[in-house]
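Q: Mind having a look at this structure? Questions to follow.
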Amino acid sequence: MTSGFSMCSALLIKGRQHGEKLTASQANGALNCPAHAVQSPQMNTRFLLLPVVLWAAGSLAGAEFTAADLEFFEKKIRPVLAEHCYKCHSADAKKLKGDLMLDHRAGVFKGGDAGPAIVSGKPEQSLLIEAIEYDNVDLEMPPRGKLSDQQIADFTEWVKRGAPWPKEAAVGLGSREQFDLAKRKAEHWAWQPIQPGAPPNVKQAGWPTSPIDHFILAKLEAAGLKPAGPADKHALIRRAYFDLIGLPPTPAQVKAFVADNSPKAFEKVVDELLAAPQYGERWARHWLDLMRYAETFGHEFDYMNQEVWRYRDYVIRAFNDDVPYDRFVKEHIAGDLLKPRFAKVGGWNESRLATAWWWLGQHCHSPVDVRAYQAEIIDNQIDVLGKAFQGMTIACARCHDHKFDAISTKDYYALYGMIGSGSFSHGAVDGPDKFAELQKGLADLKQKIQPTLPKPTVAAPAPAEEANEQYQLISDIRKTQGHDWFADGAAWTDSLTDADDFTVNAKVTRRALPGWLHSGLLSRKLQGTLRSPTFTLSENHVHLLTYGRDVRINLVIDNFKIIKNPIYGGLTRNLNNEEPHWEVFNVSMWKGHQAYIEIADLTNSDPAGRGSGPDGYAAVQQLWISAEGRPPAGALSKRPAETPLAVEALPHGAAYQKLADTVGRPTVVPVMLEGTALNEKVFIRGSHKNLGEEVPRRFLTAFDNAKPAGADQTGRFALATHIADPANPLTARVYSNRIWHHLLGRGIVPSTDNFGVLGEAPTHPELLDWLANYLVQKGWSTKEVIRAIMLSKTYRMTSRPSDAATEAKDPTNKLLHRMRVRRLQGESIRDAILAVSGRLDSRMFGPPVAVHLTSFMEGRGRPRSGPLDGAGRRTLYQEVRRNFLSPMMLAFDMPQPLSTFGRRTDSNVPAQALIMMNDPFVVEQAKLWGKRMLAAGPDDAARVRAAYALAFSREPSDAEQVTASAFL
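Numbering (numbering that gives the first Met the number 0), first residue to last: 0 to 967.
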């Protein structure tokens, strides 16, 4: 298949002006093609016929379904069946009702007393759909309440797809499946240690130029196949540029490479591209697909995920700096717990910034069942964690032991406990240089000012009420010194007050009450967050003893923070009372849930965009829960009368005020921080309302060294260490396979995100292990692996087969007898258009450019529209709004940012050709290109040559020259 431009866009515009019509296939030509690939104006389209084998009622034979179909079942259908149906209709049912089994596909098609539950492909004729739609009063299931509209739609879609279900053992209806984790681990290749064998011997000893070539050629020779010849130099440099930086080479760059006949000419090009800043932009896009990157939360109002674009910039820098992959992994999972790695420019704490990926999923702003909502969020995080880093569908063990892989449901909830114990917060990622010296200077000056102030006359507070059957103490700062709270940011450093402390507000002093955690001791301009330990809402009211102003207090239930009225409006407060008082929260409707208090002294502390002022502060001392709405008695202190003193009139006061005025705003991003370490209980059949045994926090049981986390640790640090361990065979295999996929067009394991039993087996397992070992031996360097692959003869082959017989024997190119023909991804197509037109703005980093909205892009939360050409910036910097995604990018298979996508779809649809002909962006850029070409030569022949050199990195053939000149 060829794609991109098949001819100069200037000619397209001129052709349209002259009334000429172009077919879709002519317009959908190739941006990344050698001369032979565009000689025909017709597009070489292939259609993949997917056979569907339908089950007969009661049959135990397995149908063949796509990985997407099976994942749809595991994520959308099986959990609902497990939660709502298995109690009465499964092998585990105490009494089988209606003789209907819904825990095996055979049982679904066999049906029960009323007949088959579904008719494959025909939801309108299926009893199951009739039952869940409540269309028949005598057949309403589940009996305790109708499923949601979305769940019903999912089941309807499932039946339309032919009821996909993974292959299962031929067990008798009513029998129980056995889960033998050790046996599954021993029998599946992916769990086995990496075996880096020596490259095999080959007959054509002169062909290989690297160990990689030995592995490829050995397979070809064993199959009686011949490798293709080398690619044309024009095609090779174009391939390298798009693979490494996502942009076409300039005519001058092509000319220099073609003229360089030295043995290391291509090696020099590869090294230059790996050192280019655009390399990080291109390879960051691959990673962002895995992390379901978007700058909004989706759902109804599509709120902005504040400052999350800084994570995108972090990924770009990480690839450009060739951060070792094991370090990169650790930063993502537990970067807040690592020794910080600071950005070379900007000084940001890169390690902490990496944890923003936990926040990148789709989020709801007002769920009815917050515990169920938390379960969905963590399920998505486990799904991404498992697929992206381990190539395993761990989330399929949410409702039961994994049906095929060595992953138990206890493994799932062990990970759940680690993630649920964390704190999803907005934290500062500034380096120490921004605030450390400033804090030290302010503290030194305050120490000098303090002796000049009048002695404090603060009365001792009455003792706090002791815990009793009505009042339960969660925390008292006077007893714990604040060590049970989690502080983050410059504001809460050394924030415990004593009798001599004072604060400065509006340039006057004020005495601080002793025995409080106070965010404004050094300066009210310093910012940060403070969160309490997690506690169970065992009573109806929460009481917080506090004072302050212009600060937000959040009562966070089950880690839910994207709060919007009316359901959760009472859980967030603006603190604006500078006298000690009780903030009382009525939590009766969430009794039994887990919660914590978060005090956000941040200029922008709300995921919905609602921030606080820059001069706010908060002080906190006690936290209680009670059955009564009345707060504990006798713990309030009244401020004594005092005369505020002008700071600048005090010794060293002017220096203090001058320094305090320089306090800047911190760089705050969504991060994962530590919280109270809590184990999770197994959700029986995936239902949070039906809890089983508690599971210690740990990594997968299949790894022998996966020990439970310490009582005072969430376990994320240990999780990061286990995943990045060279002894873990999955991590290096999965990542080196991803690199191979992006350079060769197909992974050695084609199912890049699934190395499990339902994934595809490796075509070259020995090569995969060699690459994985090479990655580790080279210090986990991404660039070294890329370099090794690109300098191999395998990578430099032409896409033309050596002969017809070889192509006939290996028509899908499974054994790599030639280079695969690959369509450019949507981002590269758009970026190449900007490069060719001369409009490309090569600036890097920064806030995203608003997406250009068409008249068809409507809905709640519709943002302002951005410029048609995206201000000329690369597509990577275009805003990714979940509810308003770019139509052009969607047409060219940009994935929906919902879960991990390591392998994009390569579709071939009319919309792509129509976009290349009619999209206003393409038309606008084509006009710019046309103007550029008019100045490129003295006559049409010269302009055609310049157009081909710019668009295709080569000279036109004689026939193309004649055709294009005649067209003009």
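All C-beta atoms, glycine included, are put in the ideal place defined by N, C-alpha and C. On a predicted model such as this, the values are computed, not experimentally measured, just so you know.
What is the residue span of the alpha helix (DSSP H) that residue 617 lies within?
A: Run containing residue 617: none in the alpha helix (DSSP H); it sits in the beta strand (DSSP E), 616-625.
Q: In the region 847-872, which residue ranges form an unbroken alpha helix (DSSP H) of at least 4 residues, counting only runs that do not cross its ends?
A: none
Q: How far does the beta strand (DSSP E) with residue 772 in it reach, from first residue to last?
A: From DSSP, residue 772 is part of no beta strand (DSSP E) but of the alpha helix (DSSP H) over 764-776.
Q: Write down the C-beta distance between residue 699 and residue 624 rounded to the nearest angstrom, noting that I regard them as a contact closer than 8 Å.
A: Going by Cβ atoms, the distance from residue 699 to residue 624 rounds to 36 Å, so no, they are not a contact pair.
Q: Between the Cα of residue 686 and those of 77, 761 and 71, spot the shortest distance and give me the residue it belongs to.
A: 77
Q: Within the chosen definition, does the region 413-426 reach the region 663-673 through at least 3 CB pairs nearer than 8 Å?
A: Contact between the region 413-426 and the region 663-673 is present, because at least three Cβ pairs lie under 8 Å.
Q: Going by C-alpha distance, which of 394, 308 and 343 is nearest residue 356?
A: 308
Q: Using 8 Å as the cut-off, can you tell me whether the region 807-815 makes contact with the region 843-860, which would need three or more C-beta pairs spanning the two stretches below that distance?
A: Because the criterion of three Cβ pairs below 8 Å is not met, the region 807-815 and the region 843-860 do not touch.
Q: Which residue spans inside the region 718-750 form an unbroken alpha helix (DSSP H) run of at least 4?
A: 728-743
Q: Whole angstroms is fine: what's the gap from residue 182's alpha carbon to residue 692's?
A: 24 Å
Q: Grab the span of the alpha helix (DSSP H) containing residue 155 for me, first residue to last.
A: 148-159
Q: Does the distance from the CB of residue 511 to the CB of residue 694 come in under 8 Å?
A: In this structure, residue 694 does not lie closer than 8 Å to residue 511 by Cβ.
Q: Does DSSP put residue 935 in a helix, in a strand, or in coil?
A: coil
Q: Between which residues of its own chain and residue 787 is the CB-CB distance below 7 Å, once the five residues before and five after are set aside?
A: 209, 211 and 773
Q: CB-CB under 8 Å to residue 924, same chain, minus the five flanking residues each way: which ones, in chain order?
A: Within the same chain, Cβ atoms closer than 8 Å to the Cβ of residue 924 are found at 8, 832, 833, 835, 836, 838 and 868, the five residues on either side in sequence being excluded.
Q: Applying the 10 Å Cβ sphere with the 16-neighbour rule, what's the burial state of residue 879?
A: buried
Q: Tell whether a beta-carbon distance below 8 Å holds between residue 387 and residue 701.
A: no
Q: Distance check for residue 919 and residue 961, CA to CA, integer angstroms please.
A: 29 Å
Q: For the 8 Å Cβ check, are there 3 or more pairs between the region 472-480 and the region 612-624?
A: Note that the region 472-480 touches the region 612-624; at least 3 beta-carbon pairs, one per stretch, sit closer than 8 Å.
Q: List the whole-angstrom C-beta distance separating residue 292 from residue 311, where the pair is believed to meet the contact cut-off of C-beta under 8 Å.
A: 7 Å
Q: Since residue 671 is in the beta strand (DSSP E), which residue starts that stretch and which ends it?
A: 667-672
Q: With a threshold of 7 Å on Cβ separation, who are the neighbours of residue 573 within its own chain once the five nearest residues in sequence on each side are excluded?
A: 551
Q: Please give the ranges of any alpha helix (DSSP H) in the region 260-342, keeping only runs that are unbroken, at least 4 residues long and fully inside the region.
A: 264-274, 276-289, 308-319 and 324-333
Q: How should residue 260 be labelled, buried or exposed, when 16 other C-beta atoms within 10 angstroms of its C-beta is the threshold for buried?
A: With fewer than 16 Cβ atoms within 10 Å of its Cβ, residue 260 is classed as exposed.
Q: According to the neighbour-count rule (16 or more other Cβ atoms, all chains shown, within 10 Å of its Cβ), is residue 218 buried or exposed?
A: buried
Q: Are residue 493 and residue 455 closer than 8 Å when you measure CB to CB?
A: In terms of Cβ geometry, residue 493 and residue 455 do not form a close pair [threshold 8 Å].
Q: Is residue 991 helix, strand or coil by DSSP?
A: Residue 991 lies beyond the range of the chain shown here (0 to 967); nothing can be said about it.
Q: Since I believe residue 268 is in contact with residue 239 (beta carbons under 8 Å), could you give me their beta-carbon distance rounded to a whole number of angstroms?
A: 6 Å
Q: Residue range of the beta strand (DSSP E) that residue 528 falls in?
A: 527-530
Q: Whole angstroms are fine: how far does the CA of residue 318 sit from the CA of residue 237?
A: Separation of residue 237 and residue 318 (C-alpha to C-alpha, rounded to the nearest whole angstrom) is 21 Å.
Q: Sort out for me which residues DSSP pairs residue 552 with in a bridge.
A: In the DSSP output, where bridge partners are listed per residue, residue 552 has 572 and 598.
Q: Can you tell me whether DSSP reads residue 483 as helix, strand or coil?
A: coil
Q: What distance in whole Å lies between the Cβ atoms of residue 763 and residue 747, which are believed to be in contact at a cut-off of 8 Å?
A: 5 Å
Q: Which of the three DSSP states is assigned to residue 535 in this structure?
A: strand
Q: Looking only at C-alpha atoms, which of 871, 103 and 789 sits nearest to residue 264?
A: Out of 871, 103 and 789, 789 has the C-alpha closest to the C-alpha of residue 264.
Q: Under three-state DSSP, which class holds residue 348?
A: Strand.
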